[in-house]
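Numbering (this note's numbering), first residue to last: 59 to 345. Single-structure report; data block below.
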């Protein structure tokens, strides 16, 4: 979507954090990132790599090439604060997102994996307090590995029985909407997947542990610094836009996953209220 009046099209110099640990060997323990108790993480962050993050509004990006697109979408949800609080609002939103995802990808079937999830900048302590894993992730990562994505798909198809084809192409996607007005102090940056090498990837087990839910573990992908990475963002997003980006694809001749991270926009005016966003994740089947 090209920039419109009131929206910027500026590249920025900003810092992106990467994983410091080298790729693990069989003799080394698995890297872990503890979302609720980060001090317990064995994954270490390499902070402050200065990169150019390019404004992407005027780029014709593709889900199967760069791995991300920006699409217009006016939601019927009037108050996004009710996400994760009102079951009717949650259902409305995931129904909308499933339809949008199917139409944007050209798939024959789409389903959401859970409901919408609110996220807030770290300064919104009162809003973060009742939520689980709601802070923006501040290092380059993707939400799955090849293995964990395949395991997730196997669980979904087993639960669905004969309702989902098991041999068709399938893909996982993330959907990200800013619900605070522009500008955003912590926008989402996405990395052109064609600029990423397999050797940039490390497996990081995300561990979310709370008294209410117990411990949940899922293998994700962290990224080592590579100066060839091409980072992009969409400045001044409104609530009527959604970034869709690839989280896994069963085809190996297209983009499989997109590194992404929150970053501090150095051009955001001081005192700007911290950003609020809503994420959703979905599965698409292709024929």
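The beta-carbon is built from N, C-alpha and C at its ideal position, and this holds for glycine as well.
Just so you know, the alpha carbons of residue 222 and residue 246 end up roughly 32 Å apart. Note that the segment 287-307 touches the segment 246-256; at least 3 beta-carbon pairs, one per stretch, sit closer than 8 Å. In the DSSP annotation of this structure, the continuous segment of the beta strand (DSSP E) that includes residue 231 starts and ends at 227-236. Here the C-alpha atom of residue 142 lies approximately 19 Å from the C-alpha atom of residue 195. Comparing C-alpha distances from residue 317 to each of 300, 336, 256, 131 shows the shortest one belongs to 256. Note that the C-beta distance between residue 319 and residue 79 is not below 8 Å. Residue 110 is a Cβ neighbour of residue 69, given a cutoff of 8 Å. Per DSSP, residue 215 is one residue of the alpha helix (DSSP H) stretching across 204-218.
If you look at residue 286, you'll find it isn't in any beta strand (DSSP E); DSSP assigns it neither H nor E. Here residue 339 is buried: its Cβ has 16 or more other Cβ atoms, across all protein chains shown, within 10 Å. An exposed status is given to residue 134, since fewer than 16 other beta-carbon atoms sit within 10 Å of its beta-carbon. Judged by DSSP secondary structure, residue 90 falls within the beta strand (DSSP E) whose first and last residues are 89-92. In the structure shown, residue 171 adopts coil according to DSSP, grouped into three states. Rounded to the nearest whole angstrom, the C-alpha separation of residue 174 and residue 283 is 30 Å. For residue 176, the beta-bridge partners assigned by DSSP are 336. Shown here for residue 138: same chain residues with a beta carbon closer than 6 Å to its own, the five before and five after excluded, namely 237, 336 in chain order. In this structure residue 242 is buried. Its beta-carbon is surrounded by 16 or more other beta-carbon atoms within 10 angstroms. Taking a contact to require three or more Cβ pairs closer than 8 Å, the segment 123-134 and the segment 89-109 do not qualify as touching. Looking from the CA of residue 131, the closest CA among 332, 309, 296 belongs to 296.
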